[in-house]
Amino acid sequence: MSMEQYDETVPVVIVGGSLVGLSTALFLAWRSIPCLLVERHVGISPFVRAGGFNPRTLEIYRSVGLEATIRAAAPEMLKDMRIVRVETLAGKELGTFLENTSDYSMPASPVAGSIIPQNILEPLLNEHARKYGADLRFNTDCVSCEQDADGVSCIIRDLSSGEERRVRARYLVAADGNKSAIRNKLGIGVQGPGTLAHQMNLLFRADVRPALRGRRFLVCFVASVQGMYSGSNDHGGILSVPYDPEKESEQDFRGERGVELIRAAVGIPDLAVEVLDTLTWEMADWLADHFQQGRIFLAGDSAHVMPPTGGYGANTGIADAHNLAWKLAAVINGQAGPDLLSTYGPERRAASRLAVEQAFLNYIERINPERAHQATVEKIAYDIPIFGYLYHSIAVCSEDTDPYEDANFPTGRPGARAPHIVLERAGELLSTLDLFGRDFILLTGAQGQMWRESAARIAPQLGLTLDTYGIDVDVIDVEGRFSSAYGVTTTGATLIRPDGFIAWRAHEAGEQPEQELGRVLRRVLCRS
Numbered sequence: 129m130s131m132e133q134y135d136e137t138v139p140v141v142i143v144g145g146s147l148v149g150l151s152t153a154l155f156l157a158w159r160s161i162p163c164l165l166v167e168r169h170v171g172i173s174p175f176v177r178a179g180g181f182n183p184r185t186l187e188i189y190r191s192v193g194l195e196a197t198i199r200a201a202a203p204e205m206l207k208d209m210r211i212v213r214v215e216t217l218a219g220k221e222l223g224t225f226l227e228n229t230s231d232y233s234m235p236a237s238p239v240a241g242s243i244i245p246q247n248i249l250e251p252l253l254n255e256h257a258r259k260y261g262a263d264l265r266f267n268t269d270c271v272s273c274e275q276d277a278d279g280v281s282c283i284i285r286d287l288s289s290g291e292e293r294r295v296r297a298r299y300l301v302a303a304d305g306n307k308s309a310i311r312n313k314l315g316i317g318v319q320g321p322g323t324l325a326h327q328m329n330l331l332f333r334a335d336v337r338p339a340l341r342g343r344r345f346l347v348c349f350v351a352s353v354q355g356m357y358s359g360s361n362d363h364g365g366i367l368s369v370p371y372d373p374e375k376e377s378e379q380d381f382r383g384e385r386g387v388e389l390i391r392a393a394v395g396i397p398d399l400a401v402e403v404l405d406t407l408t409w410e411m412a413d414w415l416a417d418h419f420q421q422g423r424i425f426l427a428g429d430s431a432h433v434m435p436p437t438g439g440y441g442a443n444t445g446i447a448d449a450h451n452l453a454w455k456l457a458a459v460i461n462g463q464a465g466p467d468l469l470s471t472y473g474p475e476r477r478a479a480s481r482l483a484v485e486q487a488f489l490n491y492i493e494r495i496n497p498e499r500a501h502q503a504t505v506e507k508i509a510y511d512i513p514i515f516g517y518l519y520h521s522i523a524v525c526s527e528d529t530d531p532y533e534d535a536n537f538p539t540g541r542p543g544a545r546a547p548h549i550v551l552e553r554a555g556e557l558l559s560t561l562d563l564f565g566r567d568f569i570l571l572t573g574a575q576g577q578m579w580r581e582s583a584a585r586i587a588p589q590l591g592l593t594l595d596t597y598g599i600d601v602d603v604i605d606v607e608g609r610f611s612s613a614y615g616v617t618t619t620g621a622t623l624i625r626p627d628g629f630i631a632w633r634a635h636e637a638g639e640q641p642e643q644e645l646g647r648v649l650r651r652v653l654c655r656s
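Here the working numbering = 1-based position in the sequence shown + 128.
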């Protein structure tokens with residue numbers, strides 16, 4: 129089909145308008161890359177799904193100017209809550225996973241996480257993506273997509289009018305959820321434990337004050353029913369329990385069956401209970417065999433699904449979007465070769481595997497200890513799948529093959545998230561994180577003038593913006609941590625990618641810094 133036969137052309141089409149699709153659109157539009165997002169639902173879903181967004185995710189949103197907006201919108205009612213495991217609500221506490229939602233912080237970051245329901249966050253992403261120029265079309269279905277060597281051809285249908293339009297894109301991002309039609313059409317398989325349980329959500333009204341005893345739970349894992357309770361007031365909440373869809377229906381749980389389960393979870397046998405509504409969903413844990421096929425990329429739940437034990441799922445998908453967006457922008461703008469896009473799959477699949485594996489271990493620990501024999505990996509620190517994983521690809525000049533490191537004691541190895549250190553510039557304090565996001569950044573030691581001069585010469589030759597900062601020259605290292613955190617001397621340098629990950633470092637001065645820096649940039653950007 130010739131270009132004249134298309135109704136529209138756009139660099140990137142995104143299929144799916146939930147958290148990950150909207151984040152992808154935002155990150156691309158912020159980089160001035162035109163994109164078209166299609167979502168078959170009329171609008172943003174009102175159902176509360178994800179709600180805990182970790183410090184790394186807030187760092188990402190901070191880089192595009194959204195952090196303050198998110199914090200202002202986070203509901204007060206979700207502060208000062210706990211995540212625990214209990215025998216019953218009235219019974220013994222078996223473990224604590226988050227003591228206070230108002231302190232969702234981690235040592236590795238100066239940025240706290242946020243407890244904000246997905247149905248409040250998504251409208252903010254929608255608004256800001258549109259502000260930067262993203263074309264978001266709800267009530268619109270992607271009827272078909274076919275790729276060839278030069279791009280992807282889509283037919284999209286307006287579900288209210290029935291009008292179909294032919295769209296040509298250079299690339300397509302499939303953020304169309306765990307049952308991804310695009311992943312299935314491409315024949316991409318998945319691996320992992322698979323379906324863990326079919327869950328029944330019971331929205332109920334009851335006086336749970338005697339059981340709660342003044343405690344407030346964001347999530348409470350209840351051993352007596354292998355379920356999860358959440359409630360922001362004393363007059364009921366939502367209980368999620370496993371059920372057998374071949375033997376039980378929603379109707380079965382709206383009567384005595386549901387009442388019995390709620391009483392068992394609360395721990396008060398004669399509790400007066402009213403079941404208000406039910407909702408079914410599937411808890412699963414798996415990883416797609418690969419995240420890219422040609423010009424089509426899987427992101428979020430189309431690429432990986434994990435149980436809500438640890439809050440990794442949505443955050444992992446947002447990190448997918450962040451990794452992919454800068455690479456798409458660099459290739460579309462001609463700054464990078466197309467092979468840069470082949471690094472998305474290896475980088476994000478390895479990071480996602482850590483999250484999928486640890487979420488499954490958390491599921492065993494918090495919900496279903498009977499499946500302990502299915503564990504295939506060891507438990508690692510909670511923050512490693514958030515801050516401690518290492519990327520390995522041609523877009524990183526790796527020094528080893530380790531999959532992760534201690535997030536709280538960074539070594540500055542290439543492939544790691546660039547560590548936070550406190551800086552001072554013109555009398556104001558900031559973080560190294562505040563320097564990253566738009567372009568490549570070169571940080572050097574105080575005696576690294578030769579690297580900064582080389583960068584000034586090589587960047588124009590490559591058509592790049594490459595900002596340089598001499599530590600204790602352009603910015604002050606307030607705590608004197610740069611050398612230890614980044615593993616370089618006062619004559620060394622480190623190159624940070626637009627996503628805030630370390631691409632390369634030189635521990636000390638090089639004999640031919642301009643040639644070395646040029647070689648590294650060409651390699652990382654996949655330019656011959």
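Note that the Cβ used here is the ideal one computed from N, Cα and C, for glycine as well.
Check	Outcome
Please report how far the alpha carbon of R199 lies from the alpha carbon of S242, in whole angstroms.	7 Å
Quick one: residues in its chain with C-beta nearer than 8 Å to the C-beta of C459, no 5 flanking neighbours on either side, listed in chain order?	Reading the sequence as shown, one finds Val at residue 459 and not Cys. Correct list, in chain order: G465, P466, L468, L469.
With distances taken between CB atoms, is the gap from I390 to F349 smaller than 8 Å?	no
Per DSSP, what kind of secondary structure is H432 in: helix, strand or coil?	strand
Per DSSP, P370 forms a beta bridge with which residues?	Q327
With S559 as the anchor, note down where its beta strand (DSSP E) starts and where it stops.	556 to 559
Based on DSSP bridge pairs, tell me the residues matched to R333.	G364, E402
Look at the Cβ atom of E378, then the Cβ atom of T323, and state whether they are nearer than 8 Å.	no
Please say whether L340 and L206 have beta carbons closer to each other than 8 Å?	no
Work out the CA separation of S430 and I310 for me, nearest whole Å.	8 Å
In whole angstroms, what is the alpha-carbon distance linking P538 and V148?	28 Å
Hey, would you say I316 sits closer than 8 Å to D417, going by beta carbons?	yes
Give me the Cα-Cα distance between Y189 and Y510, rounded to the nearest whole angstrom.	21 Å
Using only the alpha-carbon positions, how far apart do L300 and V141 sit?	5 Å
Report the three-state DSSP secondary structure of G320 (helix, strand or coil).	strand
At 3 residues or longer, what runs of the beta strand (DSSP E) sit wholly inside the stretch 554 to 597?	556 to 559, 568 to 572
With Q246 as the anchor, note down where its alpha helix (DSSP H) starts and where it stops.	246 to 259
Over the uninterrupted beta strand (DSSP E) stretch that includes G301, give me the two end residues.	The amino acid at residue 301 is misidentified as Gly; the sequence shows Val. Run containing V301: 292 to 302, per the beta strand (DSSP E) assignment.
Can you have a look at H501 and say buried or exposed, based on whether 16 or more other CB atoms are within 10 angstroms of its CB?	exposed
Can you check which of these residues, A503, R159, Y357, is closest to Y260 by C-alpha distance?	R159
Only counting the same chain, and skipping five residues up and downstream in sequence, which positions put a Cβ closer than 7 Å to that of I492?	R499, A500, A503
Note down, in chain order, each residue of its chain lying with its Cβ closer than 7 Å to the Cβ of G445, except the 5 sequence neighbours on either side.	L147, V148, A427, G428, D429
With distances taken from CA atoms, which of E527, V484, C525, Y519 is nearest E506?	V484
Using the Cα positions of V401 and V387, report the straight-line distance between them to the nearest angstrom.	6 Å
If you pair each beta-carbon of the stretch 616 to 629 with each one of the stretch 570 to 578, do three or more pairs fall below 8 Å?	yes
Would you list the residues sitting across from E410 in a DSSP beta bridge?	H326
Please report the residue range of the alpha helix (DSSP H) in which D380 lies.	378 to 381
Who are the near neighbours of Y232 in its chain, counting only those whose CB is closer than 6 Å to its CB and skipping five residues on each side?	A240, G241
Can you tell me the Cα-Cα spacing of R476 and P370, whole angstroms?	31 Å
Is the number of C-beta pairs between the stretch 159 to 168 and the stretch 178 to 186 that are closer than 8 Å three or more?	no
When you compare only the Cα positions, how much space is there between V603 and D269?	50 Å
Just to confirm the assignment, what range does the beta strand (DSSP E) spanning D286 have?	280 to 286
Any idea if P321 is buried or exposed, counting beta-carbon neighbours within 10 angstroms, 16 or more meaning buried?	buried
What are the start and end residues of the alpha helix (DSSP H) that includes V484?	472 to 494
In three-state terms, what does DSSP make of S526?	coil
Whole-angstrom Cβ separation of A325 and V353, contact assumed at under 8 Å?	About 12 Å separates the two Cβ atoms, so there is no contact after all.
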